[in-house]
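Asks: A single structure is presented below for examination.
Numbering (the UniProt record's numbering), first residue to last: 1 to 168.
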């Protein structure tokens with residue numbers, strides 16, 4: 001098991017620039033020291049065998065994340081597929097259709113109905129912008145569902161320009 005080079009806790013990632021295996025806490029201490037060390041590329045270590053994984057990144061502090069190397073994924077996939085194959089042989093009710101995904105709801109009459117309330121599409125309605133004005137400056141205010149927006153039309157030597165200002 002690889003240990004953190006600073007505190008001897010289990011290592012979680014490897015810093016290529018420092019050539020050091022680090023735990024989450026020590027990595028955060030080291031790589032928040034200044035703006036240069038935040039750019040050090042770091043690679044997550046495999047949660048199973050602690051070899052380098054394909055996941056890498058930079059930045060001051062990583063959120064604790066679990067990553068697995070390709071070798072462990074392939075080994076586990078073979079083990080899981082063999083385990084699932086053995087379980088499939090013991091299934092006696094493969095022909096029965098049980099709905100456990102929550103898409104159907106039983107109403108008061110005992111009839112199963114689709115739950116379409118969660119799958120409805122609601123259009124985003126907003127007031128269309130006013131037509132471009134021929135004057136040199138004009139201001140129009142519209143309200144959308146999310147915020148108030150002030151739209152400013154200006155004319156500069158025959159070129160119409162639009163700007164948006166948020167109103168608070």
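Ideal Cβ positions, reconstructed from N, Cα and C, are used throughout, including at glycine. Computed from a predicted model, the values in this text were never measured in an experiment.
Under 8 Å, do residue 40 and residue 61 count as touching if we go by C-beta distance?
Replies: Counting from 1 along the chain shown, the entry for residue 40 is found at position 40. Counting from 1 along the chain shown, the entry for residue 61 is found at position 61. No, these two residues do not count as a Cβ contact at 8 Å.
Asks: Please determine, among 26, 11, 5, the residue with the shortest C-alpha to C-alpha distance to residue 52.
Replies: Translated into the one-based positions of the chain shown, residue 52 becomes position 52. Looking at the Cα atoms, 11 is the closest of the given residues.
Asks: Applying the 10 Å Cβ sphere with the 16-neighbour rule, what's the burial state of residue 35?
Replies: Indexing the chain shown from 1 puts residue 35 at position 35. Residue 35 comes out exposed.
Asks: At the level of alpha carbons, what is the spacing between residue 6 and residue 15?
Replies: As a position in the chain shown, residue 6 is number 6, starting the count at 1. As a position in the chain shown, residue 15 is number 15, starting the count at 1. Distance between the alpha carbons of residue 6 and residue 15: 13 Å.
Asks: Specify the secondary structure class of residue 39 as computed by DSSP and reduced to three states.
Replies: Translated into the one-based positions of the chain shown, residue 39 becomes position 39. Three-state DSSP puts residue 39 in a helix.
Asks: With distances taken Cα to Cα, identify the nearest neighbour of residue 46 among 3, 8, 13, 9.
Replies: Residue numbering aside, residue 46 sits at position 46 when the chain shown is read from its first letter. Ranking 3, 8, 13, 9 by Cα distance to residue 46 puts 13 first.
Asks: Give the single residue among 59, 75, 68 whose Cα lies nearest to the Cα of residue 29.
Replies: On the chain shown, position 29 is the one that residue 29 refers to. Nearest C-alpha to residue 29: 59.
Asks: Look up residue 88 in the DSSP assignment and say whether it is helix, strand or coil.
Replies: Looking up residue 88 in the chain shown gives position 88. Residue placement at residue 88 is poorly supported in this model, since its pLDDT is 49, which falls under 50; the coordinates still yield a value, given next. Correct three-state label for residue 88: helix.
Asks: For residue 24, which residues in the same chain have their Cβ closer than 6 Å to its Cβ, ignoring the five residues on either side in sequence?
Replies: The sequence position of residue 24 within the chain shown is 24, counting from 1. Taken in chain order, the residues that qualify are 12, 64.
Asks: Where does residue 56 sit, in a helix, a strand or coil, going by DSSP?
Replies: In the chain shown, the residue the question calls residue 56 occupies position 56. Three-state result, residue 56: strand.
Asks: Tell me which residues share the same chain as residue 38 and place their Cβ nearer than 8 Å to its Cβ, disregarding the 5 neighbours each side in the sequence.
Replies: Within the chain shown, the letter at position 38 stands for residue 38. Answer for residue 38: 31, 32, 58, 59, 60, listed in chain order.
Asks: Just to confirm my understanding: we take residue 2, look at its own chain, exclude 5 residues before and 5 after, and list those with CB closer than 7 Å. What are they?
Replies: For this step, residue 2 is matched to residue 2 along the chain shown. If we look at residue 2 and ignore the five residues flanking it on each side, its Cβ neighbours are 11, 21, 45, 50.
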